[in-house]
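Here is the structure we will look at, set down as structure tokens.
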Amino acid sequence: MDNVRDIMRSPERVLNSLNEHSKDSSYKFERLYRILFNEELFYVAYQKIASNGGSTTKGSDGRSIDEMSLARIETLIASLKDESYQPHPSRRVHIPKKNGKTRPLGIPAFEDKLVQEVVRMILEAIYEGHFETTSHGFRPKRSCHTALLHIQKTFSGAKWFIEGDIKGFFDNIDHDVLVGILRERISDDRFIRLIRKFLKAGYVEDWTFHNTYSGMPQGGIVSPILANIYLDKLDKYVKEYIRHFDMGTKRRPGKESNDLANERKRTVRKLKKVKDGTEKAALVARLKAIEQERAAFPSGDEMDGSYRRLKYIRYADDFILGVIGSKEDALRIKEDIKSFLSESLALELSEEKTLITHTGKSAKFLGYEITVTRNNHQRRDVQGRLRRTYGKRVRLNVSMATLRDKLLEYGAMEIKLRNGKEIWKPKCRSGLIFNDDLEILDRYNRETVGFCNYYLIANNCVVLHNFRYIMEYSMYKTFAGKYRSTVRKINKKYRLNKLFTVKYEQQGVIKSRTFYKTSFKRRTTAFNGSCDIEPYSIADVSRTNLTDRLKAEKCELCGATGKLIMHHVRNLKDLKGKESWKRLMSARKRKTIALCPSCHRLRHLGKV
Numbered sequence: 001m002d003n004v005r006d007i008m009r010s011p012e013r014v015l016n017s018l019n020e021h022s023k024d025s026s027y028k029f030e031r032l033y034r035i036l037f038n039e040e041l042f043y044v045a046y047q048k049i050a051s052n053g054g055s056t057t058k059g060s061d062g063r064s065i066d067e068m069s070l071a072r073i074e075t076l077i078a079s080l081k082d083e084s085y086q087p088h089p090s091r092r093v094h095i096p097k098k099n100g101k102t103r104p105l106g107i108p109a110f111e112d113k114l115v116q117e118v119v120r121m122i123l124e125a126i127y128e129g130h131f132e133t134t135s136h137g138f139r140p141k142r143s144c145h146t147a148l149l150h151i152q153k154t155f156s157g158a159k160w161f162i163e164g165d166i167k168g169f170f171d172n173i174d175h176d177v178l179v180g181i182l183r184e185r186i187s188d189d190r191f192i193r194l195i196r197k198f199l200k201a202g203y204v205e206d207w208t209f210h211n212t213y214s215g216m217p218q219g220g221i222v223s224p225i226l227a228n229i230y231l232d233k234l235d236k237y238v239k240e241y242i243r244h245f246d247m248g249t250k251r252r253p254g255k256e257s258n259d260l261a262n263e264r265k266r267t268v269r270k271l272k273k274v275k276d277g278t279e280k281a282a283l284v285a286r287l288k289a290i291e292q293e294r295a296a297f298p299s300g301d302e303m304d305g306s307y308r309r310l311k312y313i314r315y316a317d318d319f320i321l322g323v324i325g326s327k328e329d330a331l332r333i334k335e336d337i338k339s340f341l342s343e344s345l346a347l348e349l350s351e352e353k354t355l356i357t358h359t360g361k362s363a364k365f366l367g368y369e370i371t372v373t374r375n376n377h378q379r380r381d382v383q384g385r386l387r388r389t390y391g392k393r394v395r396l397n398v399s400m401a402t403l404r405d406k407l408l409e410y411g412a413m414e415i416k417l418r419n420g421k422e423i424w425k426p427k428c429r430s431g432l433i434f435n436d437d438l439e440i441l442d443r444y445n446r447e448t449v450g451f452c453n454y455y456l457i458a459n460n461c462v463v464l465h466n467f468r469y470i471m472e473y474s475m476y477k478t479f480a481g482k483y484r485s486t487v488r489k490i491n492k493k494y495r496l497n498k499l500f501t502v503k504y505e506q507q508g509v510i511k512s513r514t515f516y517k518t519s520f521k522r523r524t525t526a527f528n529g530s531c532d533i534e535p536y537s538i539a540d541v542s543r544t545n546l547t548d549r550l551k552a553e554k555c556e557l558c559g560a561t562g563k564l565i566m567h568h569v570r571n572l573k574d575l576k577g578k579e580s581w582k583r584l585m586s587a588r589k590r591k592t593i594a595l596c597p598s599c600h601r602l603r604h605l606g607k608v
């Protein structure tokens, strides 16, 4: 019989207990399934999902977060208790990729999102503390930026990059392998059966159901942490591999640098003995020349086979390695990882896309181009000798091709050829001219800020001015197209304090919003949660505003008491009309309103 006390415990206590037990690597978790009977955890899951912009998207069952009620959670938990719960097949949509292909995205039904979010919180409490520091994808306080900045910090001496590419990772995850990994820490057949239900749920595309015999849908809430649990095996394999691969404590001195160092010593000794002023000046000049010449050579022998290092970073199914060693070392590492993935995880390393690149050329990772360049910046040490601050430095760059592709994707520019040279010309986005002024401005701001913030850690982030310029003048041309005017007249009409400004009315008050205008100073730290949707930490699982309002059992429109239904809208701007419930939501700036069954029915009839 399930322990009632555990079911009723607060989410914080439940997850903290799991987290404490997880510190013992030999501990096996039992009776996890009963945690799914805890209503409070589902309230937390509901709040988390409600904050996501896609929460109003309908799943394959035709339902969304709209019309949420406590009864839906109670019914869901009842189906989990008797194990009659069966996930709906996800609704498959295709998202365009940069290479012209598409990525399949599975949209789960809303009830399935709730269960998956609770499962995700349970798995995170168990596994998060045991993931390797080299893993950065879909983890608390980690992001694309933390991965890239860690590369910049640790790959500085690398001579070769290995750009890892797992062929069709999400489509080829072996269900039996994944369950086997989960069973290493979880001894609860009901919980494992639930995971299998998610994996076998299938998907619907073009009104046709498809079974899934391997892989898991991208877009599922639980998919990222299951992927991390799966690929943690790779992280731990590479960690052990590094322990055996790394060799030596210091490179032997480079011949050229060593020869110049010895010449410097001889010249200093001569200088101490020489009396003649002319000869002294010649020796001082030679010392300066030696210091300049030494700066052009590495202090260590880069061909020293007795010194090796291997660095590794993974973000989701993308990973990159930096090798201090020979190309033969890099080839062997690639083959060893390929064998491990095939034999232990039933995955295939793409032969064509897993590239071995000299660090003097660019490796591509998470949209950035990464190179290692020699740094000849010098400073004097305590003895007055010139020293390079770093021998080599990792550069993170955003390519002009990346800017071009994004601008073309947005439809913000056209390319013309002049004397064989590309000329980028901003253009009107005719698809936006029927939007109101504020919507157009917000669209351009959102796209400009999103792109620029992502690439603001690039060493060459100054090129983002080119991106913003095209976006700015495309916006001007879009406004000009909307009003059949010219860019010059539009600029004059909307210019306020030297900024392009759109005025709008909100609740009888005139407000204004300006086009994004700021300097592109490079960031050397990651944005807080700017690149990933951060999972809730255990500290975040307190009582939520939405469920408090449902539990209050007081209609927010008429004041009647009793069971409530929460109505959700995607955007406040969609609330156009004079209906009382729309005016109330607009006044409170809320995208939700808790209604009694009577008001809910009248809302559908358009009578409130």
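First residue of the sequence shown: 1, per UniProt numbering; consecutive thereafter.
Don't be surprised by glycine CBs; every beta carbon is placed ideally from N, CA and C.
Treat the numbers as computed from the prediction; the structure is a model and nothing was measured.
Query, Result
"Classify F434 as buried or exposed, calling it buried when 16 or more other Cβ atoms lie within 10 Å of its own Cβ.", "exposed"
"By the three-class DSSP mapping on this structure, what secondary structure does N258 have?", "helix"
"What three-state label does DSSP hand Y494 in the structure shown?", "helix"
"Can you tell me which of D24, L123, T592, I162 puts its alpha carbon nearest to the alpha carbon of K361?", "I162"
"Would you say G168 lies against chain D (beta-carbon separation less than 8 Å)?", "In summary, chain D is missing from the structure at hand, where a single protein chain is found."
"Just mark M247 as buried or exposed, buried being the case when its beta carbon has 16 or more other beta carbons within 10 Å.", "exposed"
"Output needed for L70: all residues of its chain with C-beta closer than 6 Å, excluding positions within five of it in sequence on either side, in chain order.", "L550"
"Where do the ends of the beta strand (DSSP E) carrying E422 lie?", "421 to 426"
"Just curious, the alpha helix (DSSP H) that V93 is in, first and last residue?", "Here V93 belongs to no alpha helix (DSSP H); instead the beta strand (DSSP E) covers 90 to 96."
"For V398, list the residues DSSP reports as bridge partners.", "Looking at the DSSP assignment, V398 forms no beta bridge with any residue, so it has no partner."
"Under 8 Å: do the stretch 509 to 528 and the stretch 446 to 457 share three or more Cβ pairs, one atom per stretch?", "yes"
"Out of curiosity, what's the CA-to-CA distance linking K250 and K167?", "37 Å"
"For M247, write down the residues that DSSP places opposite it in a beta bridge.", "R308"
"Can you say whether Q47 is buried or exposed, counting buried as having 16 or more other CB atoms within 10 angstroms of its CB?", "buried"
"For the alpha helix (DSSP H) holding M121, just list the boundary residues, first then last.", "110 to 127"
"For N545, does the count of other Cβ atoms within 10 angstroms reach 16, so buried, or fall short, so exposed?", "exposed"
"Quick check: the stretch 221 to 238 against the stretch 127 to 139, are at least 3 beta-carbon pairs closer than 8 Å?", "yes"
"Tell me the DSSP secondary structure of Q152 in three-state form.", "helix"
"Along the beta strand (DSSP E) that carries I356, what are the first and last residues, could you check?", "355 to 358"
"With 16 as the cutoff for other CB atoms within 10 Å, does M392 come out buried or exposed?", "Checking the sequence shown, residue 392 turns out to be Lys, not Met. Flag for K392 reads buried."
"Around the C-beta of T592, are 16 or more other C-beta atoms found within 10 angstroms, so that it is buried, or is it exposed?", "buried"
"What would DSSP say about L178, mapped onto helix, strand or coil?", "helix"
"Please identify the residue among K28, F42, R308 whose C-alpha is closest to the C-alpha of Q116.", "F42"
"If Y312 sits next to L194, beta carbons under 8 Å apart, how far is it from one beta carbon to the other, in whole angstroms?", "Contact flag wrong, Cβ pair sits at about 33 Å."
"G220 and G106 - do their beta-carbons sit closer together than 8 Å?", "yes"
"Between which two residues does the alpha helix (DSSP H) carrying D66 extend?", "Unbroken run through D66: none, as it is neither H nor E."
"Which stretch, first to last residue, makes up the alpha helix (DSSP H) that contains Y454?", "437 to 454"
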